[in-house]
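Residue numbers (our numbering): 593 to 851.
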């Protein structure tokens with residue numbers, strides 16, 4: 593698995609990619625992605641799959657210009673009607689997205705604007721499973737320009753590509769004093785979670801530090817109507833990477849126990 597410092601780097605540079613180079617993913621790289629997926633499926637109990645060369649799943653978006661040359665995707669497949677598995681799809685799917693970032697690939701979480709029936713035709717889905725959502729993946733259209741930028745410029749691009757909530761907004765249930773007193777690992781975790789992708793860029797997950805137990809807590813903000821278990825899982829993964837080690841319990845209100 594990837595070193596922790598590399599994952600921090602991926603969090604700091606990764607942005608949503610909507611425009612892709614039509615070049616197919618290199619077969620050796622596809623095999624590496626498949627190996628990473630297999631390992632994450634073993635950890636999660638999910639059945640995430642890499643689907644290559646199937647642009648019909650994004651035909652409408654490619655035609656409208658919302659996406660360009662989208663043809664490959666990570667299929668988030670898991671048990672039907674299972675909120676914990678959907679959270680795991682966000683958590684382990686984000687881990688896969690960050691691995692793809694380190695390979696120089698672009699990615700984009702897609703929850704609504706895709707052809708579900710077309711996407712399902714290209715997946716292995718048993719009667720007890722469903723396809724939660726997909727993540728587009730491929731070489732970015734600006735791959736050469738991307739590769740020529742140094743790390744600091746890539747970090748700046750990440751910080752400027754969309755608005756992001758502040759530390760105070762992402763810890764809205766905490767008092768000003770508790771925010772100030774929270775340990776550095778908690779603040780670093782929130783900073784990493786602020787860079788996590790989310791539905792409508794709404795950043796619906798908020799965090800709190802329990803000064804009595806020393807745990808962090810993640811909850812879906814009830815004031816954000818479109819937050820989901822997938823968003824919760826994605827934010828938890830970024831927080832865990834930023835915090836530098838620890839373990840989450842699943843669910844809304846899950847706790848992060850620092851290791």
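Virtual Cβ for every residue (Gly too), placed ideally from N, Cα, C.
query: Cβ neighbour criterion (16 or more within 10 Å) applied to residue 832; result: buried
query: Which of helix, strand or coil DSSP assigns to residue 826; result: helix
query: Close Cβ partners of residue 788 (< 6 Å) along its chain, the five nearest in sequence each way excluded; result: 826, 827 and 830
query: Residue(s) in a DSSP beta bridge with residue 809; result: 800 and 847
query: Closest residue to residue 615 among 707, 661, 807 and 665 (Cα-Cα distance); result: 661
query: Cutoff 8 Å; reference residue 648; Cβ partners in own chain excluding five residues on either side; result: 707 and 710
query: Nearest candidate by alpha-carbon position, reference residue 811, set 663, 840, 641 and 717; result: 840
query: Neighbourhood of residue 638 by C-beta, 8 Å cutoff - its chain only, sequence neighbours within 5 removed; result: 632, 668, 669, 670, 677, 680, 681 and 684
query: Any chain E beta carbon closer than 8 Å to residue 671; result: Checking the listed chains, one finds no chain E in this structure; it contains a single protein chain.
query: Given residue 733 as reference, the closest of 846, 696, 620 and 837 once Cα atoms are compared; result: 696
query: Nearest candidate by alpha-carbon position, reference residue 659, set 793, 718, 608 and 847; result: 608
query: Terminal residues of the beta strand (DSSP E) in which residue 721 lies; result: 721-730
query: Three-way DSSP call (helix, strand, coil) for residue 832 in this model; result: helix
query: Residue 715 CB to nearest heavy atom of the ligand ATP below 7 Å; result: Looking for the ligand ATP in the displayed structure turns up nothing, as the structure carries no ligands at all.
query: Spatial distance of residue 689 from residue 699 (CA atoms); result: 7 Å
query: Own chain, CB closer than 6 Å to residue 846, minus 5 neighbours either side, in chain order; result: 810 and 840
query: Same chain, Cβ closer than 8 Å to residue 613, five either side skipped, listed in chain order; result: 661, 730, 731, 732, 733 and 735
query: Chain-order list of residues whose beta-carbon lies under 8 Å from that of residue 626 (same chain, five-residue window excluded); result: 642
query: Residue 695 (DSSP reduced to helix, strand or coil); result: coil
query: Supposed close pair residue 785, residue 834 - CB separation, criterion 8 Å; result: 7 Å
query: Inter-residue Cα distance where the pair is residue 656 and residue 644; result: 21 Å
query: Straight-line Cα distance separating residue 620 from residue 650; result: 25 Å
query: Within 8 Å, strictly: CB atoms of residue 646 and residue 596; result: no
query: Proximity below 8 Å, CB of residue 782 to CB of residue 823; result: no
query: Nearest-angstrom Cα separation, counted from residue 726 out to residue 692; result: 14 Å
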